[in-house]
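Below: the structure, in structure tokens.
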Amino acid sequence: MAGSPALSQPTGWRAWLLSPEPHSRWQARLGRFYLGWRSFSKNPLAVIGLAIVLLLILVALFADVIAPYSPIVGGDLRTQRLLPPSETFWLGTDDQARDIFSRIVYGSRITLFVVLLVSIIATPIGLLVGTISGYLGGWVDTVLMRITDIFLAFPRLVLALAFVAALGPGIENAVIAIAITSWPPYARIARAETLMIRNSDFIAAVKLQGASTPRIIFGHVMPLCLSSVIVRVTLDMAGIILTAAGLGFLGLGAQPPSPEWGAMVATGRNYLIDQWWVAAMPGIAIFVVSLGFNLLGDGLRDVLDPKAAK
Amino acid sequence: MASSIANGSGGRDALRFYLTKIVQFVLVLATTLLGLVAVTFLIGRVVPIDPVIAIVGDRAPAHVYERARQELGLDLPLIQQFWIYLKKAVTGDFGNSVLTTNPVMVDIANAFPATFELATLGTLIGTLIGIPLGVLAAVKRGSLLDQFVRFIGLAGYSIPIFWLGLMGLLLFYAKLGWVAGPGRIDVTYSYLYTPVTGIVLVDTAMQGQWDAFWDAVSHIVLPACLLGYFSLAYISRMTRSFMLNELAQEYVIAARVKGLSEMRVIWKHALRNAAVPLVTVIALSYANLLEGSVLTETVFAWPGLGQYITNSLQNADMNAVLGGTLAIGTVFVLLNLVSDLLYRLLDPRTR
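If you read the sequences in order, they're chains R and Z.
Numbered continuously in this note's numbering, the first sequence closes out at residue 310.
Numbered continuously in this note's numbering, the second sequence closes out at residue 661.
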């Protein structure tokens with residue numbers, strides 16, 4: 001990350017980054033990135049959000065190193081079941097005598113997996129539907145937007161529930177179900193952006209040069225829609241986490257013994273009154289991580305999409 | 311409707327305008343609902359459970375299997391099957407629930423009032439607290455209160471609703487004993503009144519069963535506050551941004567120059583203009599609570615639509631799941647439509 005040291009004196013690389021006449025595309029891109037980072041890092045909440053998300057990624061990467069115990073195999077069922085938080089078990093143990101802290105650490109992998117996979121599936125679908133619909137217009141637009149509206153008409157969790165019911169419970173099916181319910185807003189945004197870009201002069205110029213429609217859509221329209229869609233995806237990530245956790249809580253997401261946070265809360269429900277930590281701890285993890293994504297999304301929106309920041 | 315009268319002159323054009331608008335709305339509604347039915351139909355077709363085997367058992371001879379398949383209409387082309395499904399759906403026939411053996415529609419009609427009661431109370435709480443909070447946050451921009459509202463909003467978008475419900479039960483029911491536990495009403499009271507509207511608070515109050523009424527209140531208070539919080543988080547945040555928008559307008563300066571009191575400027579002039587988009591926001595948050603109700607009802611054992619769907623899910627009762635999904639989807643669409651219509655009715659600029 002660029003930025004922190006010596007902001008006062010414009011050293012060589014800073015002058016290079018901020019140069020008004022960049023010599024290569026790379027320099028221009030890095031310069032834009034640097035400017036964006038400067039305004040992003042002025043927002044303390046956004047930086048906290050970024051820190052939380054980075055922490056999540058690190059924890060997921062180094063789960064084996066961080067977790068002191070196995071997330072699946074518990075300890076002694078006679079003596080180590082449902083222990084309160086202590087020095088040996090930082091967040092207590094659950095009904096299978098498993099260390100809750102270790103389970104939460106490993107659970108971060110599942111959370112990250114779900115968020116990444118859903119965004120990777122849903123973003124291209126939304127972009128494709130939105131740009132094609134907006135650029136072509138006419139009946140294609142009508143049909144695609146009607147389909148989008150139909151998917152928007154279902155409450156997200158309820159539609160995901162129905163899909164999981166049909167596909168069968170499991171983490172992969174939960175990902176598919178959430179992805180199917182996530183793309184419509186992205187399509188809407190991409191369409192709105194495309195409608196503005198479509199009539200601009202540079203598109204007309206490209207058209208006169210003889211570029212084909214797919215080339216214009218993929219090469220010229222889509223890249224320009226990307227930033228607002230990405231902002232929306234980031235803002236949605238907290239929602240994706242919450243939906244996945246909700247499915248897990250209902251027993252439709254990751255199946256036991258996998259340490260999915262929502263499913264862990266569901267287990268803790270049986271021991272709520274006397275062993276509150278079993279349900280409380282994974283819930284706090286969900287809260288912190290979705291808060292992180294929300295803060296990051298807000299910050300990114302202010303940087304990438306100044307129109308929406310009010 | 312009211313506006314066409316207000317227009318006076320050109321009433322006929324206005325009427326024509328509204329008629330085309332209404333036709334458009336009906337068309338949009340029809341295609342959306344058709345789409346909803348199609349989606350649930352397709353979901354029902356990809357179920358890995360073979361409905362024929364579920365009926366005849368997996369050791370049935372081939373001709374019995376084939377006969378049952380024909381009786382269920384599964385040998386027909388997909389489009390024909392959809393047509394039959396659609397015709398049944400229009401008349402409210404979604405088949406019988408395996409779990410309760412009632413027609414799905416009857417189950418839905420029984421469960422809906424409970425969800426309606428909870429979501430309405432939640433929206434009421436969210437609106438009554440959320441709007442003043444949002445207005446104050448906008449007026450005192452950057453103050454401690456503003457930060458507080460911002461925090462409430464962020465937390466509302468980040469806390470898992472089912473977890474907050476469990477923690478609420480732990481604190482207010484198990485530890486403090488301030489409210490009653492899961493369920494709608496204690497069994498001892500449930501025979502004291504006859505369900506008329508299906509809304510317990512209304513039924514008990516109408517029949518003068520005040521003990522039962524207060525018991526129902528202590529049951530609903532926690533889940534309603536929970537849903538209210540999530541609606542408040544959304545409503546206060548939107549109110550704040552609408553109010554900031556309005557307070558920057560010139561008519562606010564004009565009102566101040568005229569010497570109106572600050573109270574009047576804020577609550578009468580600015581809020582009145584912010585109220586138009588707020589109606590949409592409230593309708594949307596109402597629709598969102600339907601979604602939140604799936605998880606909340608599971609946590610609080612609330613016998614509404616959400617719990618009906620999850621219970622049926624756990625028993626692979628597809629008729630009930632799809633019927634319930636379609637019911638929630640329809641209410642969702644209608645609420646969106648109502649909010650859209652209200653917006654057009656209230657905001658003269660959209661005419």
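Each residue gets a CB set at the ideal place from its N, CA and C atoms; glycine is no exception.
No experiment lies behind these values; they were computed from the predicted model shown.
> In the stretch 457-474 of chain Z, which residues sit with their C-beta less than 7 Å from some C-beta in chain R, listed in chain order?
Replying inline: L464, Y467, S468, I469, P470, F472 and W473
> Roughly how many whole angstroms lie between the Cα atoms of F642/Z and G130/R?
Replying inline: 23 Å
> What are the residues that DSSP puts in a beta bridge with T433/Z?
Replying inline: Beta-bridge pairing links T433/Z to no other residue.
>> Quick check on DSSP: helix, strand or coil for T93/R?
In response: strand
> How many angstroms separate the CA atom of V114/R from the CA atom of V158/R?
Replying inline: 18 Å
> How would you call R550/Z, buried or exposed, if buried means at least 16 neighbouring beta carbons within 10 angstroms?
Replying inline: buried
> On the three-state DSSP scale, how would you describe S313/Z?
Replying inline: Its pLDDT being 44, under 50, S313/Z is placed unreliably by the model, and the measurement read from it follows with that caveat. It is helical.
> Which residue comes first and which comes last in the alpha helix (DSSP H) that contains D513/Z?
Replying inline: V510 to M516
> Is the CB-CB distance between S603/Z and T410/Z below 9 Å?
Replying inline: no
> Anyone know if the C-beta pair for G639/Z and L346/Z falls short of 9 Å?
Replying inline: yes
> Are the Cβ atoms of L594/Z and G616/Z separated by less than 9 Å?
Replying inline: no
> Can you list, in chain order, the stretches of the alpha helix (DSSP H) that have 4 or more residues and sit fully within the stretch 429-481 of chain Z?
Replying inline: 454-468 and 471-478
> Does V231/R come within less than 9 Å of chain Z when only Cβ atoms are used?
Replying inline: no
> Residues in the stretch 241-255 of chain R with C-beta within 8 Å of chain Z's C-beta atoms, listed in sequence order?
Replying inline: L242, A245, G246, F249, L250, G251 and L252
> When Cβ atoms are compared, which residues of the stretch 283-300 of chain R fall closer than 9 Å to chain Z?
Replying inline: G283, I284, I286, F287, V288, V289, S290, L291, G292, F293, N294, L295 and D298
> Does the beta carbon of N646/Z sit closer than 9 Å to a beta carbon anywhere in chain R?
Replying inline: yes
>> Out of G297/R, G299/R and I241/R, which one is the CA nearest neighbour of S108/R?
In response: I241/R
> Looking only at DSSP bridge pairs, what is P22/R linked to?
Replying inline: The partner list for P22/R (beta bridge, DSSP) is empty, contrary to what the question assumes.
> Is the beta carbon of W473/Z less than 9 Å from the beta carbon of A280/R?
Replying inline: yes
>> Looking only at its chain, what residues have a beta carbon closer than 6 Å to the beta carbon of P84/R, apart from the 5 residues adjacent to it on each side?
In response: G92
> Where does D627/Z sit, in a helix, a strand or coil, going by DSSP?
Replying inline: coil
> The alpha helix (DSSP H) spanning H373/Z covers which residue range?
Replying inline: A372 to E381
> How would you list, in chain order, the residues of chain Z whose beta-carbon sits under 8 Å from the beta-carbon of F163/R?
Replying inline: I353
> Are at least three pairs of beta-carbons, each pair with one atom in the stretch 214-225 of chain R and one in the stretch 186-197 of chain R, less than 8 Å apart?
Replying inline: yes
>> On the DSSP letters alone, give me the boundaries of the alpha helix (DSSP H) that A120/R sits inside.
In response: Residue 120/R is actually Ile in this sequence, not Ala. From DSSP, the alpha helix (DSSP H) with I120/R extends over I100 to L136.
>> Suppose contacts are defined by Cβ-Cβ distances below 9 Å. Is I435/Z in contact with L537/Z by that definition?
In response: yes
> For the alpha helix (DSSP H) that S546/Z lies in, which residues bound it at each end?
Replying inline: W520 to L557
> Between the stretch 629-645 of chain Z and chain R, which residues of the former have a C-beta closer than 7 Å to a C-beta of the latter?
Replying inline: V631, L632, T635, I638, G639, F642 and V643
>> Using a Cβ-Cβ cutoff of less than 6 Å, which residues in the same chain neighbour R369/Z once the five nearest sequence positions on both sides are dropped?
In response: none
>> Starting from A691/Z, trace the alpha helix (DSSP H) in both directions and tell me its first and last residue.
In response: Any answer about residue 691/Z is impossible in this case: the structure gives chain Z only from 311 up to 661.
> For a contact meaning CB atoms closer than 8 Å, what does A177/R contact in chain Z?
Replying inline: The contacting residues do not exist; A177/R stays about 10 Å from chain Z at best.
>> According to DSSP, simplified to helix, strand and coil, what is A2/R?
In response: Confidence at A2/R is low in this model, with a pLDDT of 46, below 50, so the placement of that residue should be treated as unreliable; the coordinate-derived value is given next. Correct three-state label for A2/R: coil.
>> Can you give me the C-alpha to C-alpha distance between G292/R and M548/Z, rounded to a whole angstrom?
In response: 21 Å
> Per DSSP, what kind of secondary structure is P413/Z in: helix, strand or coil?
Replying inline: strand
>> Measuring only the C-alpha atoms, how far is N317/Z from L623/Z?
In response: Model confidence at N317/Z stands at a pLDDT of 47, short of 50, so the residue's coordinates are unreliable and nothing is read from them.
>> Would you call the stretch 247-256 of chain R in contact with the stretch 265-274 of chain R, where contact means no fewer than 3 C-beta pairs closer than 8 Å?
In response: yes
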